[in-house]
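J.: Its first residue numbered 46, the sequence shown is counted upward by one per residue in the numbering used here. From the three backbone atoms N, C-alpha and C, an ideal C-beta is built for every residue, glycine too.
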Amino acid sequence: MPPSTPSAPAPASASAPSPTTALGDARIITAAEFEFRPVVGARTTVATPVSPAAGATHVTLHVVRIAAGESYTPDDSAAEENTVVVFSGTGTAAVGELTSPVERGSAAYAPTGRALTLTADGRGLTAYVWRTPLANAPVGSEPVLHSSLWDDTTQLRGFGGTGQVDAAERRATMNFVFWPGNGSSRLCLHCGIQQPGETFNVHLHPDSDEAFIAFEGVGQMYLRDRWIDVNAGDVLYAAPGVLHGARNPHTGPTARRFVTCGGPSPFDPALYSAAGYSSQVR
């Protein structure tokens, strides 16, 4: 599926907390709330809407605006697992010594021990970067390092949720981009594609943080006990045990797909079991 132009961030939903509210056990952070800080000696800026310092359990999520011609490497990037999704712009992503051109929808996985470097070309580049410590997780033998949200090689279809909320009949499809089956040790990256009227049903992860973003279009994210309107660029954080999901309530001739991406950290074996796959790291 080809990428499309990202929507402009919209004002915060009436049900979303203020920017000063700590994450606690769950929060939606709109793109309008991101607080960017400059990288020393550069024009590149970074926001960190999700992190242990803000109340997350396992995961950090950076939003990086890399200025044209500049490069960005997360602090201690080789000491943690990193996954990346390019939100806009073009450039390159280097994982250790392996470099690949990137554009909107491109993804990269940097296992522990391999540094991540993103470089923007003349248009600049905006990327979302997920990070977590390895924490003695098994290491993939030949992990996939470069991919795309549109890689539909391995998918979860017909997911009915975990039963706390009635399941919708029209069910979205999820692409497994980085997951144990292609070498991801602890982080994962999934892409939910909610066509008009479809839902990725409400669920929870008993032992995992969830941090995912609205990547394309407009739709709704479920958090705790309600559906909340979101726009491209917005972020959802849910601590272990907190209900969440995504849906595209729009139908009709002008409705377009609503795409989300991210995943639980550490990965949740239940999702792969639901799709009929092993969660053994390969």
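Looking at the strands, I want to know which residues DSSP matches up with residue 143.
T.: Here the question's residue 143 lines up with position 98 in the sequence shown. Beta-bridge pairing links residue 143 to 140.
J.: Report the CB separation of residue 304 from residue 236 in whole angstroms; it is logged as a contact under 8 angstroms.
T.: Reading the sequence shown from its first residue, position 259 is the one you call residue 304. Reading the sequence shown from its first residue, position 191 is the one you call residue 236. Going by Cβ atoms, the distance from residue 304 to residue 236 rounds to 7 angstroms, so yes, they are a contact pair.
J.: Return the CA-CA distance between residue 316 and residue 165, expressed in angstroms with no decimal places.
T.: Counted from its first residue, the sequence shown places residue 316 at position 271. Counted from its first residue, the sequence shown places residue 165 at position 120. Roughly 34 angstroms between the two C-alpha positions.
J.: Alpha carbon to alpha carbon, what distance is there between residue 72 and residue 264?
T.: As a working mapping, residue 264 is identified with position 219 in the sequence shown. As a working mapping, residue 72 is identified with position 27 in the sequence shown. Rounded to whole angstroms, residue 264 to residue 72 spans 16 angstroms at the Cα level.
J.: Indicate whether at least one CB of chain B lies closer than 8 angstroms to the CB of residue 226.
T.: Absent here is chain B; the protein component of the structure consists of one chain.
J.: Which runs of the beta strand (DSSP E) spanning at least 3 residues fall entirely within the segment 215 to 283, listed in chain order?
T.: Segments of the beta strand (DSSP E) lying fully in the segment 215 to 283: 218 to 223, 234 to 239, 244 to 248, 254 to 261, 263 to 268, 271 to 276 and 280 to 283.
J.: In whole angstroms, what separates the C-alpha of residue 169 from that of residue 129?
T.: The sequence position of residue 169 within the sequence shown is 124, counting from 1. The sequence position of residue 129 within the sequence shown is 84, counting from 1. Taking the straight line joining both Cα atoms gives about 16 angstroms.
J.: Identify the residues that DSSP records as bridge partners of residue 117: which are they?
T.: Reading the sequence shown from its first residue, position 72 is the one you call residue 117. For residue 117, which the question treats as bridged, DSSP gives the partners 163.
J.: For a quick check, are the C-beta atoms of residue 126 and residue 102 less than 8 angstroms apart?
T.: What you label residue 126 is simply residue 81 of the sequence shown in a count that begins at 1. What you label residue 102 is simply residue 57 of the sequence shown in a count that begins at 1. Cβ distance not < 8 angstroms, so residue 126 and residue 102 don't count as in contact.
J.: Between residue 230 and residue 184, is the Cβ-Cβ spacing less than 8 angstroms?
T.: Within the sequence shown, numbered from 1, the residue matching residue 230 stands at position 185. Within the sequence shown, numbered from 1, the residue matching residue 184 stands at position 139. It is a contact, given that the beta carbons lie within the stated cut-off.
J.: Given that a residue counts as buried once 16 or more other Cβ atoms are within 10 Å of its Cβ, and exposed if not, what is residue 186?
T.: Indexing the sequence shown from 1 puts residue 186 at position 141. That one is exposed.
J.: Over what stretch of residues does the alpha helix (DSSP H) that includes residue 310 continue unbroken?
T.: Reading the sequence shown from its first residue, position 265 is the one you call residue 310. Element bounds for residue 310: not the alpha helix (DSSP H) but the beta strand (DSSP E), 303 to 310.
J.: Assuming the contact rule is C-beta atoms closer than 8 angstroms, residue 256 and residue 206 should be a hit. Round their C-beta distance to whole Å, please.
T.: Taking the sequence shown and counting its residues from 1, the one referred to as residue 256 is at position 211. Taking the sequence shown and counting its residues from 1, the one referred to as residue 206 is at position 161. Going by Cβ atoms, the distance from residue 256 to residue 206 rounds to 19 angstroms, so no, they are not a contact pair.
J.: Near residue 242, which residues of its chain fall below 8 angstroms by C-beta distance, leaving aside the five closest residues on each side in sequence?
T.: Reading the sequence shown from its first residue, position 197 is the one you call residue 242. Only 215, 293, 294, 295, 296 and 300 meet the Cβ criterion.
J.: Given this structure, state the Cα-to-Cα distance separating residue 136 from residue 150, to the nearest angstrom.
T.: For the purposes of this step, residue 136 is taken as residue 91 along the sequence shown, with counting starting at 1. For the purposes of this step, residue 150 is taken as residue 105 along the sequence shown, with counting starting at 1. If I take the Cα positions, the gap works out to 12 angstroms.
J.: Is residue 68 helix, strand or coil when you go by DSSP?
T.: The sequence position of residue 68 within the sequence shown is 23, counting from 1. Coil, per DSSP.
J.: With a CB to CB cut of under 7 angstroms and the five nearest residues on each side skipped, what residues in its chain are close to residue 319?
T.: Residue numbering aside, residue 319 sits at position 274 when the sequence shown is read from its first letter. Excluding positions up to five away in sequence, the list reads 201 and 204.
J.: Starting from residue 154, trace the beta strand (DSSP E) both ways and give me its first and last residue.
T.: If you number the sequence shown from 1, residue 154 lands on position 109. From DSSP, the beta strand (DSSP E) with residue 154 extends over 151 to 155.
J.: To the nearest angstrom, how far is it from the Cα of residue 154 to the Cα of residue 140?
T.: The sequence position of residue 154 within the sequence shown is 109, counting from 1. The sequence position of residue 140 within the sequence shown is 95, counting from 1. If you take the alpha carbons of residue 154 and residue 140, they lie about 7 angstroms apart.
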